[in-house]
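Participant: My structure is below; once you've seen it, I'll send some questions.
This is the structure in structure tokens:
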């Protein structure tokens, strides 16, 4: 159950403090230009330890391609990527060896597997998302063939919400803020929260430009369902909205319907998806991250033997996971779309004739 | 791509105005008591034409078991269910033969498949959800083995939101309202909207009691991700929230973390899922439905030949799909959980020994 | 576990003496001409009760299309087929209610599921293969787009083996015999065996003409592996050979290698597959069926309570399942190839560009 | 398409002359003792360069566990294994850069992917089978829980066929010969063939002891079908037989049926599988390998530009791939059975109660 996708499919491995993390990407067609530098650039966006707003923990995150690429071009064979773990200070975790950290997966993993891999969350750590970003970069490369462009950024930190979104600005912002007018406020919020030894939630927007019509496979590989799957599966995500999202439940049909004329749809309340299939309009997605559970205040918890303890966290952690989460959300959307581009090919007999003629 | 689930798995067929709809359910263990009456009871909850608040269109929806059950007990063979279509007035759809109805999947299906199955939405119609409800009833029967209880109801109609939720009340309410104090207001809202020839959105809550710890398969069959997949895939759903949901992005870690003592978790902000695995607390899910796109006001649209038209809808339609949607959401959660109960079995060597000893 | 195929995928249901058998076919692209008459023609080839060489049991086997086809053309939606069961004389099976028939799956199904569905084998009955033949007809229709032609016939009955194979002759032979010179001998063999109240094994050859190069997905959806899966899964098959088959293990490399010149391969020892991928040469497959276990001689067996019994079979049964098995083998090969044609499309970036440009 | 198995599932990567080969194993339950030494022992059986009868090419094949194991015990997380490639003399392949080697997959891979990864077969090389052996060792470890024992050996080299099989002897034989009386003859045969610059086919037998009843999932994950899939997918395999195999097509029902009395089945013609489900008898499988296509005689071939060439092979190659193939066949059977053990758990409601009570 460590695979995502049908045809363009990743299978991942690795724990936060194990030897390495990595993945195998299956279904990359031959003839795609792929190299380590390109993937590294994507990875570096997610890399922690780069500024005040993320964890001071440094992860070098050097990606290596092990297979599937020959002379800089994909061969059609499975592509394996590996990132060796460094700078893991397992000693940070000595004091939690037998404790369940509140808000973390420690409790549920222990109950499910009967084993306490206490080293920084083990498999449940968000460290694994580095692999998603690396694989997502290859997916984005694949989407370039069709000029599909996935972009993302942070729209809100706690209750400080942006309004005017600029994805180009977000790319250059240290916190990937979408609204330049409130970026400073959002940064201050993060520093304030850090000072309080607390953490804060945030929300991310992903938008996709140049969408082809027809992506999404009814009825159980619908585009919206698969995006929800992909995004809700990211560590810390608690809500996913598409188009009008939550607001849609408050609207009337006459407000929410997107009417059509010769030039196309007049509005985009749907977020670019109708009946689980892309309409050709831009995709509009919103993802809500909870505050990181790693806070530095005293909390009540129990040990694996059910003894009560006062818990004090050590180590280095992100005050707001939504920031780096925006990079991961972007990657997951790329992975979904790459898969959907391939699945859609066989929708019509006509397409099949094109390929084989 | 008409299958849902890994091990407890449904594969569905049928269009709203075809011969029949139905499904094959794979992975039902042998020894489960199953009969048509039981499934019919579940189906009847979703059945339209029963009161003023749903479409006047009557669908008889008599379910028949074709296989997999012998003397009232599942045999381990695949279970096929069929519901023959009746009362389809295809003539209702004559005038939309070449039109794309705004807010419907007409446009996207036509672009994807090159074919206009104009009879009431064809495969994209919510009629298919009857099958999900029938299959969901068998899943709930399976969950009964572990006393897992899935319940659902409508929390808001447009901006009329309930606060005090009573799932027992919802079961008896004609609109499955969760809050008895505002049920009357919500009913009035629906009738008012009907009079306006418009429709209205709504939100649904699904809660699960007696959850075992350990359901959910990391990292790509996480319980939350699969629930999001299942729920976002229902016709008209535009947002899915788990636990604090959207609100989580506004909270601090110290507010959102669920601390633990000997008696268990002190709060349930997480909605019963940590790291994609159930914590044993109640599941808390919220699903937002858009207003049904079928409204009786003039709308702009185009034909399949891209000619502009003023569109006037005929036929009979739900003013608020969230109402019947709450039954479908319940069924989808049952299907996810049944699958997860089975997947979880092989988490430990210990479990395997129990079975084979 | 009632599904076969990845993209062109069937999911089947039904027991020999239940209400109906049928399937859902997923992944048929839109735009394929499909109708009941065409499928019926294929089914009629498999139908028993047509001559002296098969069981006298009559199965009417009228197939009906329930979904996925509109105005004679596939719409891209899942296609459901149903065949209602008739002429099931369950009374034939009263005397075996608690017995395990030697050579049948009675014993293993009972031990696995704890339930004895004694009505003619239930789910394990070869009756289900009617559905494969119906689905295979749609697959063959799909393969027609590329002019791929799958043909099959019986090469041996017991030790009476043919040498000169003529697939056109086989189509008209009552026992689908490939060699017209020994057909008469083979028929006599069957009648002789019937008179002995015994049964006899047989072998079938499947050949595929006009194969495209490139079908088969390394490394775990290889064409040869999937054909072996498909063919070994047919009731009664005990061996599958490709190209030189068993004989390959006796040859030298210099004998077995297919050398190449400008005109192509000089020989076809490989059977048209190299490295799990089709070479463009004809596929050559051989399938060995065991004698039907249903014989009319006294046999030792036990009851479900482990009491010893002398067993005497009643009912009507094929003396040689290889005969009708040749129709099923043909269908299974069609299903594999249809799937492989679709999977192969995304092998190259170039193909994807063709479709989306 | 680089994954094998449903629940106990491997996904592999790597080319013969790339950086590394390896796999991710998904679905290993927590609590299984796993370490590198154990896997290495299995790998060393397959390792070439150990005697006169295999290729002189040395592959060090040091396996490393990257994840999923903590303190010597599986954690339930995906297990990644890696084997770095060494001793690849790519220069050996300079002269075939543009040639298709007869009997190899060069031609089909080039036609499918449009790329010539000429370095020793690339992804199509049997080098990948080292990974299968490593993963198979973990599967065997898992099977030990139920005392299931998979054993294999070589029964024939060319036409020199053994009769009295001794799997203990095979384990110690340099050519894994099953019959000690003809081992010497078989060895001479191999040396003779080497001297002729040719190669030779061979056959392998796999037997499984202590099989539980009930493994195999009807109708499309039957045990026999999956074994055929697994075995036919091994490089060079051209035929798979189960139980009586090819011979079954020559027998009468009265000869082939396995009658039953209180002590169990009186014979084992079925090879331990009835209706696709294990009967509890020993599994009996036979696998036929073609002669390795790598021979040192002049052969006709063409270049990627379709120019005719006389081809002379360089390098070091196995004269008989069946020898090392017997180790791979053993591993594949282990992988199938591990998967089936897990799948079977949910066959009965009763089993599920056992786990959750």
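Protein chains in written order, with our numbering: chain G, 1 to 357; chain Y, 358 to 714; chain R, 715 to 1071; chain W, 1072 to 1428.
Glycine included, each C-beta is placed from N, C-alpha and C at the ideal position.
Pop quiz: residue 510 (chain Y) and residue 534 (chain Y) are said to be a contact at Cβ under 8 angstroms. What is the actual Cβ separation, rounded to whole angstroms?
Facilitator: Yes, they are in contact, since the Cβ atoms of residue 510 (chain Y) and residue 534 (chain Y) sit about 7 angstroms apart, within 8 angstroms.
Participant: Closer than 6 angstroms by C-beta to residue 361 (chain Y): which residues in its own chain qualify, once you throw out the five before and the five after it? Chain order, please.
Facilitator: 367, listed in sequence order.
Participant: Could you check which residue in G:136, G:103, G:231 has the C-alpha nearest to that of residue 288 (chain G)?
Facilitator: If we check each option's Cα against that of residue 288 (chain G), G:231 comes out closest.
Participant: Closest by CA to residue 390 (chain Y), which one among Y:477, Y:404, Y:422, Y:623?
Facilitator: Looking at the Cα atoms, Y:422 is the closest of the given residues.
Participant: State the start and end residues of the unbroken beta strand (DSSP E) segment that holds residue 202 (chain G).
Facilitator: Its beta strand (DSSP E) spans residues 202-209.
Participant: Check whether chain G comes within 8 angstroms of residue 1148 (chain W), counting only Cβ atoms and requiring the distance to be less than that.
Facilitator: Yes, residue 1148 (chain W) lies at the interface with chain G (some Cβ there is under 8 angstroms from its Cβ).
Participant: Just verifying my parser: in three-state terms, what is the DSSP assignment at residue 505 (chain Y)?
Facilitator: Residue 505 (chain Y) falls in the coil class under three-state DSSP.
Participant: At the level of alpha carbons, what is the spacing between residue 325 (chain G) and residue 204 (chain G)?
Facilitator: In a straight line, the C-alpha of residue 325 (chain G) is about 8 angstroms away from that of residue 204 (chain G).
Participant: Take residue 185 (chain G) and list the residues in its own chain whose beta-carbon comes closer than 7 angstroms to its own, dropping the five residues that flank it on each side.
Facilitator: Answer for residue 185 (chain G): 160, listed in chain order.
Participant: Could you run through the segment 681-714 of chain Y and flag, in chain order, every residue whose CB is less than 8 angstroms away from some CB of chain G?
Facilitator: The segment 681-714 of chain Y vs chain G, Cβ under 8 angstroms: 700, 701, 704, 705, 707.
Participant: What does the alpha-carbon distance come out to for the pair residue 1323 (chain W) and residue 1272 (chain W)?
Facilitator: Cα to Cα, the separation comes out at about 30 angstroms.
Participant: Suppose only complete runs of 4+ residues qualify. What are the alpha helix (DSSP H) ranges in the segment 1321-1377 of chain W, listed by chain order?
Facilitator: With a minimum length of 4 residues, the continuous alpha helix (DSSP H) runs that stay inside the segment 1321-1377 of chain W are 1324-1327.
Participant: Taking only the alpha-carbon atoms, compute the straight-line gap between residue 407 (chain Y) and residue 668 (chain Y) and give it to the nearest angstrom.
Facilitator: Distance between the alpha carbons of residue 407 (chain Y) and residue 668 (chain Y) is about 28 angstroms.
Participant: Quick one: residues in its chain with C-beta nearer than 6 angstroms to the C-beta of residue 1260 (chain W), no 5 flanking neighbours on either side, listed in chain order?
Facilitator: These residues qualify, in order along the chain: 1228, 1229, 1231.
Participant: Check whether the segment 296-316 of chain G and the segment 493-503 of chain Y touch, using three or more Cβ-Cβ pairs below 8 angstroms as the test.
Facilitator: No, the segment 296-316 of chain G does not touch the segment 493-503 of chain Y.
Participant: When you compare the segment 485-493 of chain Y with the segment 460-467 of chain Y, are there three or more beta-carbon pairs, one atom per stretch, that lie closer than 8 angstroms?
Facilitator: As far as the Cβ criterion goes, the segment 485-493 of chain Y does not touch the segment 460-467 of chain Y, which means the pair count is below three.
Participant: Secondary structure at residue 11 (chain G), three-state DSSP: helix, strand or coil?
Facilitator: If DSSP states are grouped into helix, strand and coil, residue 11 (chain G) belongs with the strands.
Participant: Can residue 285 (chain G) and residue 211 (chain G) be called in contact, C-beta distance under 8 angstroms?
Facilitator: Cβ atoms of residue 285 (chain G) and residue 211 (chain G): not closer than 8 angstroms.
Participant: Taking only beta-carbon atoms, is residue 30 (chain G) less than 8 angstroms away from chain R?
Facilitator: Output row for residue 30 (chain G): interface = yes.
Participant: How far does the beta strand (DSSP E) with residue 668 (chain Y) in it extend, from its first residue to its last?
Facilitator: From DSSP, the beta strand (DSSP E) with residue 668 (chain Y) extends over 665-668.
Participant: Quick check on DSSP: helix, strand or coil for residue 756 (chain R)?
Facilitator: In the structure shown, residue 756 (chain R) sits in a helix (DSSP, three-state: H, G or I).
Participant: CB-CB under 7 angstroms to residue 296 (chain G), same chain, minus the five flanking residues each way: which ones, in chain order?
Facilitator: Around residue 296 (chain G): 197, 313.
Participant: Mind checking the segment 952-975 of chain R against chain W and listing, in chain order, the residues whose C-beta falls within less than 7 angstroms of any C-beta there?
Facilitator: So the list reads 952, 953, 954, 955, 956, 957, 958, 959, 960, 962, 963, 964, 965, 966, 967, 968, 970, 971, 972, 973, 974, 975, given in the order they occur along the chain.
Participant: What three-state label does DSSP hand residue 411 (chain Y) in the structure shown?
Facilitator: Note: residue 411 (chain Y) maps to coil in three-state DSSP.
Participant: For a cutoff of 8 angstroms on Cβ pairs, would you count residue 672 (chain Y) as touching chain W?
Facilitator: Not an interface residue.
Participant: Would you mind sorting residue 901 (chain R) into buried or exposed? The rule is 16 or more other CB atoms within 10 Å of its CB.
Facilitator: Burial call: buried.
Participant: The alpha helix (DSSP H) that contains residue 1013 (chain W), what's its start and end?
Facilitator: One cannot answer for residue 1013 (chain W) here, as it falls past the ends of chain W, which runs 1072 to 1428.
Participant: Output the distance between the C-alpha atoms of residue 7 (chain G) and residue 460 (chain Y), rounded to the nearest integer angstrom.
Facilitator: Each residue's alpha carbon lies about 30 angstroms from the other.
Participant: Can you check DSSP and say which residues form a bridge with residue 1417 (chain W)?
Facilitator: Its beta-bridge partners do not exist; DSSP assigns none.
Participant: Where does residue 238 (chain G) land, buried or exposed, given buried means 16+ other C-beta within 10 angstroms?
Facilitator: Looking at its Cβ environment, which holds 16 or more other Cβ atoms inside 10 Å, residue 238 (chain G) is buried.
Participant: Less than 8 angstroms between CB atoms is the rule here; does residue 1009 (chain R) satisfy it with respect to chain W?
Facilitator: Closer than 8 angstroms: yes.
Participant: Considering only residues of the segment 1226-1262 of chain W, which uninterrupted alpha helix (DSSP H) runs meet the minimum length of 4 residues and lie entirely inside it, listed in chain order?
Facilitator: Counting whole runs of 4 or more residues, the segment 1226-1262 of chain W contains the alpha helix (DSSP H) stretches 1238-1243.
Participant: Residue 27 (chain G) touches chain R at which residues, Cβ-Cβ below 8 angstroms?
Facilitator: Within chain R, the residues near residue 27 (chain G) are 1060.
Participant: Three or more C-beta pairs under 8 angstroms: does that hold for the segment 1051-1059 of chain R against the segment 930-937 of chain R?
Facilitator: Contact between the segment 1051-1059 of chain R and the segment 930-937 of chain R is present, because at least three Cβ pairs lie under 8 angstroms.
Participant: For residue 1428 (chain W), count neighbouring Cβ atoms within 10 angstroms of its own Cβ and tell me buried if that reaches 16, exposed if not.
Facilitator: Exposed, by the Cβ-count rule.
Participant: What's the call for residue 191 (chain G), buried or exposed, on a 16-neighbour Cβ count within 10 Å?
Facilitator: Classification for residue 191 (chain G): exposed.
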